[in-house]
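Structure first, then comments.
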Amino acid sequence: MLEVRGLRVSYGGLRAVDGVSLEVRAGEIVSIIGMNGAGKTSILNAVSGIRSPDEGEIRFEGESIGGLPAHAVVARGIVQVPEGRLLFGTLSVEENLLAGAHRRSPFVLRRRPRADLRRLFPALADKLHRPAASLSGGEAQMLALARGLESEPRLLLLDEPSLGLSPKLSEGVFTLIRRLRDRGLTLLLVEQNLRRTLALADRAYVLESGRIVSSGSAAALESDHRLLSDYLGTSAPAAFHSAK
Ligand SMILES: Nc1ncnc2c1ncn2[C@@H]1O[C@H](COP(=O)(O)OP(=O)(O)OP(=O)(O)O)[C@@H](O)[C@H]1O
Ligand SMILES: [Mg+2]
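This is how it looks when you write it as structure tokens:
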């Protein structure tokens with residue numbers, strides 16, 4: 010579904026992504042795991058058209074999308090839920106949702122959020138008229154996800170959806186990700202939470218300083234303690250439990 014070959018992204022002289030190739034097949038949850046500054050967000054930004062790549066090929070469903078502007082990428086069915094959620098705090102939950110619905114109608118906002126909102130996000134459905142700033146961290150993450158779905162993506166790019174959430178709230182987000190996959194969505198998930206991510210993903214790529222240093226099925230990576238201890242610079246069992 011998504012194919013990235015030889016991707017390079019830089020900021021001035023700094024090369025943040027240095028020749029990354031990866032693939033996401035329809036129906037998969039694929040994860041990019043890496044420490045702060047590894048280049049994870051830069052990869053997602055290149056795929057979603059927020060940042061144009063210096064080099065490399067990005068193909069979605071067989072067609073080249075590298076360098077297309079973000080709105081054109083959304084129109085093809087790829088939606089990114091950004092790191093840090095980027096909600097409009099003073100707008101209501103409902104207004105934030107409608108701001109996400111720009112695929113169907115680029116200029117006219119739809120008047121109602123999707124009908125299945127209540128089923129997927131019961132906590133939000135009761136708070137449609139509250140300001141987004143009043144939501145808890147977990148609810149805000151749910152809203153960011155719900156807003157992404159308003160554009161009816163086929164491929165969802167999620168940037169650290171569990172960041173800053175308690176283990177319990179993270180579990181809620183991960184459960185939701187699983188449900189979305191079960192409903193036919195394909196997901197590329199960026200995370201630092203190693204243990205939970207490998208439990209959720211079908212496959213993962215380990216990114217270090219802009220390069221993929223390992224990849225494979227989540228099960229295979231999960232049992233590769235040497236790799237994980239190298240990559241985290243700490244002993245593997247501790248890394249599994251303390252990864253945030
Ligand atoms: N807009 C920018 N201008 C300059 N340098 C940037 C910019 N965005 C990212 N970088 C640099 O590029 C490298 C990769 O950053 P990126 O945000 O892709 O990493 P990340 O893996 O998403 O990190 P984190 O886990 O902290 O979100 C880092 O060294 C970062 O400082
Ligand atoms: Mg990031």
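In case it helps, this note's numbering puts the sequence shown at residues 10 to 253. Backbone N, C-alpha and C define an ideal beta-carbon position, used for all residues, glycine too. None of the values given here were measured: they were computed from a predicted structure.
Between the CA atoms of residue j and residue i - distance to the nearest angstrom
i    : j    : result
F130 : A155 : 8 angstroms
A149 : S238 : 33 angstroms
H80  : L133 : 26 angstroms
L107 : H234 : 44 angstroms
E66  : P176 : 37 angstroms
V88  : L194 : 11 angstroms
A252 : V83  : Only weak support is given to the placement of A252: the predicted model assigns it a pLDDT of 40, under 50, and the question is left unresolved by the model.
R127 : D135 : 8 angstroms
P91  : K49  : 12 angstroms
M151 : S179 : 10 angstroms
L174 : S145 : 9 angstroms
R68  : T184 : 29 angstroms
G58  : G157 : 15 angstroms
V56  : G76  : 8 angstroms
P172 : V13  : The amino acid occupying residue 172 in the given sequence is Leu; Pro does not appear at that position. Using only the alpha carbons, I get a separation of about 25 angstroms.
N202 : E103 : 30 angstroms
One or two residues paired with residue i in a DSSP bridge
i    : result
R14  : E66
V82  : Bridge partners of V82: none, in fact.
G43  : L216
I38  : L196
R24  : S19
V29  : L16
L165 : V88 and L196
S57  : None, per the DSSP bridge assignment.
DSSP state of residue i mapped onto helix, strand, coil
i    : result
D191 : helix
E72  : strand
E92  : coil
R139 : coil
G225 : strand
S51  : helix
S101 : strand
A210 : coil
E7   : The question about residue 7 has no answer, for the chain in this structure spans 10 to 253.
P170 : coil
Contact with chain B by residue i, beta-carbon distance below 7 angstroms
i   : result
G36 : Within the model displayed, chain B is absent; a lone protein chain is all it includes.
Three-pair Cβ contact test at 8 angstroms for the segment 52-68 versus the segment 220-235: no
Given 8 angstroms, three or more beta-carbon pairs between the segment 211-230 and the segment 36-46: yes
Closer than 5 angstroms: residues whose CB approaches a heavy atom of ligand 1: Per the Cβ criterion, the list is Y20, A25, N45, G46, A47, G48, K49, T50 and S51.
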